[in-house]
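**Student:** These protein sequence lines map, in sequence, to chains A and B. Quick note, the working numbering runs 238 ahead of the 1-based positions in the first sequence. Quick note, the working numbering runs 909 ahead of the 1-based positions in the second sequence. Quick reminder that beta carbons are idealized off the backbone N, C-alpha and C, glycines included. Below you will find the structure I want to go over with you.
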Amino acid sequence: MMNLTIISEWLSHYIAAEVAFYAELIVIAVIYLSVFALLGLFLVWLERRVAGFFQLRLGPNRVGPMGLFQTLADALKLVSKELTGTSKADKFLYKLAPYFVIITALMAIAVLPFSGELQAFDVNIGLFFISSVSSISVIGIFLAGWASNNKYSLIGGMRTGIQMISYELSVGMVVVTMATLAGTLQLSELVALQKDGWFIFTGHVPAFIAFAIFIIAGTAESNRTPFDLVEAESELGAGYHTEYSGMNFAYYFLAEFVNMFIISAVAVVIFFGGWLSPFGITDNIPYVGVFWFLFKTMAVVFLMMWFRWTFPRLRIDQLLTLEWKYLIPINMVNIVLMALLVWLGLTF
Amino acid sequence: MEKFIFYFIAMVMVVFSIMAVSSRNIMRSIIYLLFVLLGIAGIYFMLNFYFLGAVQMTVYAGGVIILYINSIMLVEKIGEPMDAPKLLHQLIAGGISALGIGAGVFAFSNYSFTIAAEESTTTINDVGTAMLSYGENGFILPFEVVSMLLLAVMVGAIVIAKSYHQKENTK
């Protein structure tokens, strides 16, 4: 299961094999946790810099080089803040809700192949695992909305729930489309199959439609503008996390950005060849894949941030119309088209 | 270690099942039930049945629980504790539960389990092939029946939604 053999080899030099196994689990968990936290901080910084770029201003630029430590300072501030709550709310569920969101994001990151060597959990249902884990995070949002004992939170929570459940369908159908082309759901195999050409090229027309739908549905699933009516500031305060403060709020914030990263990473794996380099220029050097994987993922993340500062927000009825009347029918036709192409051997 | 994890999950499941039925707060009951369902998924993952575990998470934890939460939000006074059921009802429910536990323990202690010679796992390819094969051990008939049922449900939902919409327009 564990592909990170260097760590286990390195550990077994120093301690007994029995203990080394558990120590390996702990070391990998710590690495993933720190990657998770750093990723969140970096993405928040990137979002603010990109926002500044699009709005012709500088963005954070005082703390550290290019303002890189700004989000670290913000995180320190959030840690030191008081955790408030509403009276008459269900305290247990209120405290529990953020963990659903953060833990599911962390579980989904475990199956991502950062390179050929760096993948913690290479399971044969990879993509299905990601979607099943992320379907649980909706519960955290519903709970936050309900347990806050606040009408804005409740409306925001209900909106998010409906939105995420609707758009999960589109994401799932895109995954089915690409699985028809690939014939597997295992992430490492998906990447290996793209050695001779990324799926967006080998699957040409249906793959391109699938990518367009995936990026729309993915943006909606991570509750980002133009689909952020969940936390429409002018009508709902901050939506489902209105009543959260300090670290509990930071968990939601972090999870949102990490979910964006996960969606971009999945897009990179199923469309852009994962950690493979373009034309295989560096495929023989180990660990360089990490660079390509992160580079491609950041490109998709940048695209999603671009959306955020370009499109105005949708209304709830427009949002549901887009999903149920346009994306789903197009998706269904697209699956049939992809199946036809694969059947007739018209893919490259 | 595996034993330890198994007993931990089993204990969590037992405790939360009892809490789910004994809690006076309906929202908490659902969350306790969610932990039980996630525990079942965890046991599937321990047995290397990843597909089944992921289905358990998607359908039960992700689908059924959200359906419950949605329907309970439409109920009045969800925040307040529910009334305790009558003593007679409690006794009847307790009796039936005790009977169920007794039957389970009796069945498990009398059945001779054979330990599988080797660990095996079902990949998603096996599941897909079995679903669509009409030979031996094929599941094409149930698969088609379920798809017909789902189609009927979808058509029904559209019909209901549509007639409601038209009535509102004519008013």
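Please classify A:Ile500: is it buried, with 16 or more other beta-carbons within 10 angstroms of its beta-carbon, or exposed?
**Tutor:** Here residue 500 of chain A corresponds to residue number 262 of the first sequence, with the count starting at 1. Buried, by the Cβ-count rule.
**Student:** Measure from the alpha carbon of A:Ile340 to the alpha carbon of each residue in A:Ile363, A:Ala382, A:Met304 and A:Asp328, then state which is nearest.
**Tutor:** Residue 340 of chain A sits at position 102 when you count from the first residue of the first sequence. When each option's Cα is compared against that of A:Ile340, the closest is A:Ala382.
**Student:** Could you give the first and the last residue of the continuous alpha helix (DSSP H) run that contains A:Asn497?
**Tutor:** Within the first sequence, the letter at position 259 stands for residue 497 of chain A. Unbroken alpha helix (DSSP H) run through A:Asn497: Gly484 to Phe509.
**Student:** Taking A:Asp555 as the reference, give the member of A:Pro524, A:Met576, A:Leu467 and A:Met411 with the closest Cα.
**Tutor:** Here residue 555 of chain A is taken as the residue at index 317 of the first sequence, counted from 1. The residue with the shortest Cα to Cα distance from A:Asp555 is A:Leu467.
**Student:** Which residues in chain E sit within 9 Å of A:Gly399, going by Cβ to Cβ distance?
**Tutor:** The question asks about chain E, but that chain is absent: this structure's protein chains are A and B.
**Student:** Between the stretch 319-333 of chain A and the stretch 386-406 of chain A, are three or more C-beta pairs nearer than 8 Å?
**Tutor:** Touching, per the Cβ criterion.
**Student:** Using 8 Å as the limit for Cβ to Cβ distance, is A:Ser370 near chain B?
**Tutor:** Here residue 370 of chain A corresponds to residue number 132 of the first sequence, with the count starting at 1. At least one chain B Cβ lies under 8 Å of A:Ser370.
**Student:** What residues from the stretch 353-384 of chain A come within 8 Å of chain B, judged by C-beta to C-beta, listed N to C?
**Tutor:** Listed by position along the chain: Val361, Asn362, Ile363, Phe366, Phe367, Ser369, Ser370, Val371, Ser373, Ile374, Val376, Ile377, Phe380, Leu381 and Trp384.
**Student:** Is there a Cβ from chain B that is less than 8 Å from the Cβ of A:Ile347?
**Tutor:** Counting from 1 along the first sequence, the entry for residue 347 of chain A is found at position 109. Output row for A:Ile347: interface = no.
**Student:** Which value, in whole angstroms, describes the spacing of the CA atoms of A:Leu271 and A:Leu344?
**Tutor:** What you label residue 271 of chain A is simply residue 33 of the first sequence in a count that begins at 1. What you label residue 344 of chain A is simply residue 106 of the first sequence in a count that begins at 1. Near 8 Å, if we compare the C-alpha coordinates of A:Leu344 and A:Leu271.
**Student:** Who are the near neighbours of B:Val1036 in its chain, counting only those whose CB is closer than 6 Å to its CB and skipping five residues on each side?
**Tutor:** In the second sequence, residue 1036 of chain B corresponds to position 127, counting from 1. The answer, listed in chain order, is Phe960.
**Student:** Against B:Phe960, what residues of chain A qualify as contacts under a CB-to-CB distance less than 7 Å, listed in chain order?
**Tutor:** Numbered from its first residue, the second sequence carries residue 960 of chain B at position 51. Those are Ile363, listed as they occur along chain A.
**Student:** Using a Cβ-Cβ cutoff of less than 7 Å, which residues in the same chain neighbour A:Pro464 once the five nearest sequence positions on both sides are dropped?
**Tutor:** Translated into positions along the first sequence, residue 464 of chain A becomes position 226. Here the set comprises Phe545, Phe549, Pro550, Arg551 and Leu552.
**Student:** Counting only C-beta atoms, is B:Arg933 closer than 8 Å to chain A at any point?
**Tutor:** What you label residue 933 of chain B is simply residue 24 of the second sequence in a count that begins at 1. False, the Cβ-Cβ gap to chain A never drops below 8 Å.
**Student:** Which residues of chain B have a Cβ atom closer than 8 Å to the Cβ of A:Ile340, listed in chain order?
**Tutor:** Here residue 340 of chain A refers to the residue found at position 102 when the first sequence is read from its first residue. Neighbours of A:Ile340 on chain B: none; closest Cβ ~15 Å, over 8 Å.
**Student:** Going by CA-CA distance only, name the one from B:Phe958, B:Ile1010, B:Ile939 and B:Tyr941 that's closest to B:Thr1031.
**Tutor:** In the second sequence, counting from the first residue as 1, residue 1031 of chain B sits at position 122. Minimum Cα distance to B:Thr1031 is reached at B:Phe958.
**Student:** Identify each residue in the stretch 1008-1024 of chain B for which the Cβ-Cβ distance to at least one residue of chain A is less than 7 Å, and report them in chain order.
**Tutor:** Listed by position along the chain: nothing, the set is empty.
**Student:** Once DSSP output is grouped into helix, strand and coil, what is the label at A:Trp295?
**Tutor:** Along the first sequence, read from residue 1 onward, the residue named residue 295 of chain A stands at position 57. It should be noted that the sequence gives Arg, not Trp, for residue 295 of chain A. If DSSP states are grouped into helix, strand and coil, A:Arg295 belongs with coil.
**Student:** Kindly indicate which three-state DSSP category B:Ser1045 falls into: helix, strand or coil?
**Tutor:** Against the second sequence, residue 1045 of chain B aligns to sequence position 136. It is Glu, not Ser, that sits at residue 1045 of chain B in the sequence shown. In this structure, B:Glu1045 counts as coil in the three-state DSSP scheme.
**Student:** Would you call the stretch 486-502 of chain A in contact with the stretch 266-280 of chain A, where contact means no fewer than 3 C-beta pairs closer than 8 Å?
**Tutor:** Cβ pair count under 8 Å is three or more, so yes.
**Student:** Using CA coordinates, which residue listed in A:Ser404, A:Val538, A:Gly421 and A:Ser370 is at the minimum distance from B:Val964?
**Tutor:** The residue given as residue 964 of chain B occupies position 55 in the second sequence. With distances taken between Cα atoms, B:Val964 lies closest to A:Ser370.
**Student:** Report the three-state DSSP secondary structure of A:Glu469 (helix, strand or coil).
**Tutor:** Translated into the one-based positions of the first sequence, residue 469 of chain A becomes position 231. A:Glu469 falls in the helix class under three-state DSSP.
**Student:** Which whole runs of the alpha helix (DSSP H) in the stretch 277-360 of chain A are 4 residues long or more, in chain order?
**Tutor:** DSSP runs (the alpha helix (DSSP H)) wholly in the stretch 277-360 of chain A: 308-317 and 329-347.
**Student:** Could you work out which residues of chain B lie near A:Leu331, taking near to mean beta carbons separated by less than 8 Å?
**Tutor:** Position 93 of the first sequence, counted from the start, is the residue given in the question as residue 331 of chain A. Within 8 Å Cβ-Cβ: Met936, Arg937 and Ile940.
**Student:** Quick one: which chain A residues come within Cβ less than 9 Å of B:Met1040?
**Tutor:** The residue given as residue 1040 of chain B occupies position 131 in the second sequence. None at all; the shortest Cβ gap to chain A is about 14 Å.
**Student:** Sort A:Ser250, A:Leu350 and A:Ala261 by Cα distance to A:Ile588 and report the nearest one.
**Tutor:** There is simply no residue 588 of chain A to check, as chain A begins at 239 and stops at 586 in what is shown.
**Student:** Under 8 Å between the Cβ atoms of A:Val528 and A:Ser353?
**Tutor:** Translated into the one-based positions of the first sequence, residue 528 of chain A becomes position 290. Translated into the one-based positions of the first sequence, residue 353 of chain A becomes position 115. Contact: yes.
**Student:** Residues of the stretch 410-433 of chain A with a CB closer than 7 Å to any CB of chain B: list them in chain order, please.
**Tutor:** Listed by position along the chain: Leu423.
**Student:** Buried or exposed for A:Ser460, going by 16 or more other Cβ atoms inside 10 Å?
**Tutor:** Numbered from its first residue, the first sequence carries residue 460 of chain A at position 222. With 16 or more Cβ atoms within 10 Å of its Cβ, A:Ser460 is classed as buried.
**Student:** When burial is assigned at 16 or more other CB atoms within 10 Å of the CB, is B:Lys995 buried or exposed?
**Tutor:** Reading the second sequence from its first residue, position 86 is the one you call residue 995 of chain B. Burial call: exposed.
**Student:** Could you check the C-alpha separation between B:Leu1060 and A:Val496 for me, to the nearest Å?
**Tutor:** As a working note, residue 1060 of chain B is residue 151 in the second sequence. As a working note, residue 496 of chain A is residue 258 in the first sequence. Computed Cα separation, rounded: 36 Å.
**Student:** May I ask which residues mark the beginning and end of the alpha helix (DSSP H) holding A:Asp521?
**Tutor:** Indexing the first sequence from 1 puts residue 521 of chain A at position 283. First-last for A:Asp521: undefined, no H or E at that position.
**Student:** Looking at B:Ile978 and A:Phe517, is the spacing between their C-beta atoms short of 8 Å?
**Tutor:** Residue 517 of chain A sits at position 279 when you count from the first residue of the first sequence. Residue 978 of chain B sits at position 69 when you count from the first residue of the second sequence. Going by C-beta atoms, A:Phe517 is not nearer than 8 Å to B:Ile978.
**Student:** When burial is assigned at 16 or more other CB atoms within 10 Å of the CB, is B:Phe913 buried or exposed?
**Tutor:** In the second sequence, residue 913 of chain B corresponds to position 4, counting from 1. Burial call: exposed.
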